[in-house]
Amino acid sequence: AFDQLYVLSEQANETQTFALSKEQKPLCLFPLKGDLRGRAEMLNTGIRIRNVTRKDSGTYRCEISAKSEEGQRLGEATITLTVLVAPTMPVCEVPSSAMTGTVVELSCKETEGSPPSEYQWYKNGVALLEKTGTGSARAANITYTMNKKSGTLLFNTVTKNDTGEYFCEASNGIGLSQKYDLNVSGIIAAVVFVALVMALCGLGVFYAQKKGYFTSK
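Okay, so the sequence shown: first residue is 19 according to my numbering, each after it adds one.
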């Protein structure tokens, strides 16, 4: 919750009241309390905030009212503050296993960056391309869909050729980009191994039937 900040000063027999608010909510009470306590100070024409964080972003409005013999005069000014924050290490989610031919989605997300981060996926150190159309052969060879806004990498039909080392990079133009490495080869290799074992089991049963160990029905 926010309180309201009033600064009173006597000048030319007039009392001026300065009321500061954020997002149409009163900001704080004099002396300063809440999030701004120890970080902000009133100036003649504004407020100075030290050690700003992303939470300080928003629209600020300063209202000035003064009573005089002619009545009450009121003025106000509005300003939008955007605190720029570099992205943090993104968090990636991958399935524990996947069968070839199924849908597989990799996700990458970080929530601290301001403005919001965009995401780029890499495979074996090479940036993956966005599929922008279906007319070209190059676009037709792309078996995935990458969303740079949401950070998802979707394989509609995952294959053995999709095996590789992937990493996701989050960037918003502020500070250094952050990346998270993951290895998809283990997921798909395990699936291929299981499929191979099942195939060998099938051959074993076929061989046993031929030798008379199992009875064909």
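Positions of the beta carbon are idealized from the N, C-alpha and C atoms, including for glycine.
Residue i, DSSP secondary structure in three states
i, result
"asparagine 165", "strand"
"arginine 79", "strand"
"lysine 178", "helix"
"leucine 194", "coil"
"lysine 73", "helix"
"leucine 99", "strand"
"leucine 54", "helix"
"isoleucine 160", "coil"
"methionine 107", "coil"
"alanine 145", "strand"
"glycine 93", "strand"
"alanine 116", "coil"
"serine 132", "strand"
"alanine 188", "strand"
"serine 154", "Note that serine 154 scores 44 on pLDDT, short of 50, meaning its location in the model is unreliable; the coordinates nonetheless yield the value given after this. In this structure, serine 154 counts as coil in the three-state DSSP scheme."
Exposed unless 16 or more other CB atoms sit within 10 angstroms - verdict on residue i
i, result
"threonine 129", "exposed"
"proline 105", "buried"
"methionine 117", "exposed"
"proline 113", "exposed"
"asparagine 190", "buried"
"glutamate 111", "exposed"
"glycine 131", "buried"
"glutamate 183", "exposed"
"threonine 170", "buried"
"leucine 147", "exposed"
"alanine 58", "buried"
"valine 144", "exposed"
"proline 108", "buried"
"alanine 188", "buried"
"leucine 194", "exposed"
"serine 115", "exposed"
"phenylalanine 224", "Only weak support is given to the placement of phenylalanine 224: the predicted model assigns it a pLDDT of 34, under 50, and the value that follows is read from those uncertain coordinates. Phenylalanine 224 is exposed by the Cβ-count criterion."
Test: residue i CB closer than 8 Å to a CB of chain B
i, result
"tyrosine 162", "Looking at the structure shown, chain B is missing, and only one protein chain is on hand."
Residue i - partner residues in DSSP beta bridges
i, result
"serine 125", "Glu111, Thr170"
"methionine 60", "Ile65"
- request: Check whether the stretch 70-80 touches the stretch 95-104, taking contact to mean three or more Cβ pairs, one atom from each stretch, closer than 8 Å.
  value: Touching, per the Cβ criterion.
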